[in-house]
Every structure is written in structure tokens, then in C-alpha cells.
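The structure appears right after this line, and notes come after that.
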Amino acid sequence: MSSKLICAGNWKMNHGPEVTNAFLKDFASAVSISERSNFALFLPALTLHQLSGNELLEGLNWGAQNIHWETSGAFTGENSAAVLKEMKATHVLVGHSERRLLFNETNEDTQKKMQTAAQVGLTPVICVGETLDERKAEKTLDVICEQLRIALKGWDFIHTFWVAYEPVWAIGTGEVARSEQVEEAHKALKTQLEQIFPGKSEKVPVLYGGSVKPENARELGAQPHVNGFLVGGASLKVESFVSIWRQGQEVD
Ligand code: 13P
Numbered sequence: 000m001s002s003k004l005i006c007a008g009n010w011k012m013n014h015g016p017e018v019t020n021a022f023l024k025d026f027a028s029a030v031s032i033s034e035r036s037n038f039a040l041f042l043p044a045l046t047l048h049q050l051s052g053n054e055l056l057e058g059l060n061w062g063a064q065n066i067h068w069e070t071s072g073a074f075t076g077e078n079s080a081a082v083l084k085e086m087k088a089t090h091v092l093v094g095h096s097e098r099r100l101l102f103n104e105t106n107e108d109t110q111k112k113m114q115t116a117a118q119v120g121l122t123p124v125i126c127v128g129e130t131l132d133e134r135k136a137e138k139t140l141d142v143i144c145e146q147l148r149i150a151l152k153g154w155d156f157i158h159t160f161w162v163a164y165e166p167v168w169a170i171g172t173g174e175v176a177r178s179e180q181v182e183e184a185h186k187a188l189k190t191q192l193e194q195i196f197p198g199k200s201e202k203v204p205v206l207y208g209g210s211v212k213p214e215n216a217r218e219l220g221a222q223p224h225v226n227g228f229l230v231g232g233a234s235l236k237v238e239s240f241v242s243i244w245r246q247g248q249e250v251d
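Start counting the sequence shown at 0; every next residue gets the next number (numbering that gives the first Met the number 0).
As C-alpha cells, then:
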């Protein structure tokens, strides 16, 4: 795996077509083609067509924030993985904590979505993370390793995937996890990956998400088991999004 950090932006339900268009133009001039493969963007489904076939953004990884586990059918309001692939998307988020907590998604749903992503040739980004109650009860490592293990049931390693560790209590709260908490969780996830796929965990990027900003990217990026970031709020502006990546590369 490249030693360069990955910087992925999850816009959640933000930005309409006009702001998206301006962002993408500015992003294309701020980040060279050779740097783009270190970035990923997860836009709302309604504006994803602005990335599809966009020549300005050659090399960028991108996709949806969610898919259904069926690729077509009577599922009003859902995103089809097959359609995403046809649009030339590369990645998709699965199991984000907002999907789990607000839309009742289970580990088993995440596992089914992983299989569908692999089936159509998208790289899924499995999001895992503990709630504050789970952390207080010292269940963090058990919870996130179980989320990962279930999501990967039946997974064939010929398909690529990424992992994102996002403690629920650090998302959108401004409260970033301390670097040693992040490192501990990432190390546990890598160990879990190594148990499932011996000799291969190094190939799987594990990103951190939860109130990442330019000001904390350098320290977080310096942790040995952090391979990048999944950024919410600070990915909405080109300046902070790109600055997070640049700061994260700095080695103390
Ligand atoms: P914030 O960076 O806004 O805390 O969001 C993190 C996140 O949920 C990314 O998926």
C-alpha cells in the first residue's frame, strides 16, 4: 500500500448542485492528477452525476454514502450499486454510524451490502465505531472488531475494501478522539484483519473519522496504524479538506 495517507470526504446531506460544481472546480485546481488517487468523495446521491465522467476530476475515487443490498427492484428511495458502477463510481460507504443509529441498519445489513458492492466491482468502505456508552463500559474494541468481523463474513480477498474507524461520540461533536485512543482502535482492527486474512492486513487502509480538522490531522496522521481520514464537516470546503491531507503527510 502507498505510504501516502488517504483523505475521504463524506458530505452527508449537504451541498446542492451549484455549490458542488464550484467545489469540484476548485478541488480540481488545488489537487494535481497524480495526487487525486489519495482522495475520495462521497456526495449525496442527488449530485453524484456531477462526478460521473467528469474529466476535470480524473483519478479521483468517489461514490455513494449508502447502497441497497439488491441491485434493482421495488425499493423506493434506495441507491443501486449496479447503477453506481455504471456511473463509473469506484467506492461506496457501508455501515456508517448514522445509517446504523438513525436508520436501524444492522451488522448483517452491512455484510449484505459488502457482498453486493463486491459483486458489482465497487470498493466498500466499512464504517465501524462505538457509542459513548460502549466506550464507558470498556467495550470499544469488542464492538468494533465484531462489526468488522460480521461485515467481512464470506468476503473474498480478491476484492478490495477499506475500513473507517469512527467513534460515534466524536462525529460532528468537535470532540476528536485522542491519538492514543485512535491508535489503540486501529491496531485492534488491523489485528482482527490479520486474523481473518493472514498476511494481508497491510493491504487494507484503515481510516479515522470524527471531527478531523487541519489542526489535528498531523498528529492523527502520525499514528502508525492510521492510513488516512474519513472527514465529514471539514470536507465541505476545499481549503480545509485539502489541508487535512497535506497536514496528515507531515511527519514529525
Ligand atoms: P465529522 O468529521 O463531521 O465529525 O464527521 C465524521 C464522519 O461521520 C465522516 O463519515
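All residues carry an ideal CB built from backbone N, CA and C; glycine is no exception.
Coil, strand or helix - residue i by DSSP
i	result
Ala163	strand
Trp244	helix
Ile125	strand
Leu100	helix
Asn106	helix
Ile5	strand
Met0	No answer about Met0 holds up, because its pLDDT of 40 lies below 50 and its placement is not dependable.
Leu151	coil
Neighbourhood of residue i by C-beta distance below 8 Å, restricted to the same chain and skipping five residues each side
i	result
Ile149	Asn106, Glu107, Thr109 and Gln110
Arg11	Looking at the sequence shown, residue 11 is not Arg but Lys. The residues are Pro43, Gln64, Glu97 and Gly231.
Glu104	Gly94 and Arg98
Asn13	Pro43 and Leu235
Cβ neighbours of residue i in the same chain (closer than 6 Å, five flanking residues each side left out)
i	result
Leu40	Gly8 and Trp61
Thr130	Val167
Ala163	Val124, Cys126, Leu206, Gly208 and Leu229
Gly58	Ile32, Arg35 and Ser36
Lys3	Asn37
Ala81	Thr70 and Val119
Span separating the alpha-carbon of residue i from that of residue j
i	j	result
Val175	Ile243	14 Å
Phe156	Lys202	10 Å
Val205	Met86	26 Å
Pro223	Glu182	7 Å
Ala29	Glu214	19 Å
Ala187	Lys138	12 Å
Leu56	Gly232	21 Å
Cys144	Val119	26 Å
Val18	Lys236	10 Å
Asn254	Val241	This structure leaves residue 254 out entirely; the chain is present only between 0 and 251.
Ala221	Glu179	11 Å
Gln246	Gly94	28 Å
Leu101	Ser79	20 Å
Ser210	Glu249	19 Å
Ala184	Gly171	19 Å
Gly173	Arg217	16 Å
Phe74	Asp25	36 Å
Gly198	Phe160	16 Å
Met113	Leu151	8 Å
Ala116	Ile195	19 Å
Arg177	Ser71	42 Å
His158	Asn226	19 Å
Own chain partners of residue i with C-beta closer than 7 Å, once the 5 adjacent residues on each side are dropped
i	result
Leu83	Gly62, Ala63, Ile66, Val91 and Leu121
Ser200	Lys189, Leu192 and Glu193
Gly52	Lys87
Val142	Glu129 and Glu133
Gln49	Pro16, Thr19, Asn20 and Leu23
Next item on the list: Scan the stretch 17-90 and note each continuous beta strand (DSSP E) run of 3 residues or more that stays entirely inside, going in chain order.
Entry: 38-41 and 60-63
Next item on the list: Could you name each continuous alpha helix (DSSP H) segment of 4 residues or more that falls completely within the stretch 166-239, going from the start of the chain to the end?
Entry: 178-195 and 213-220
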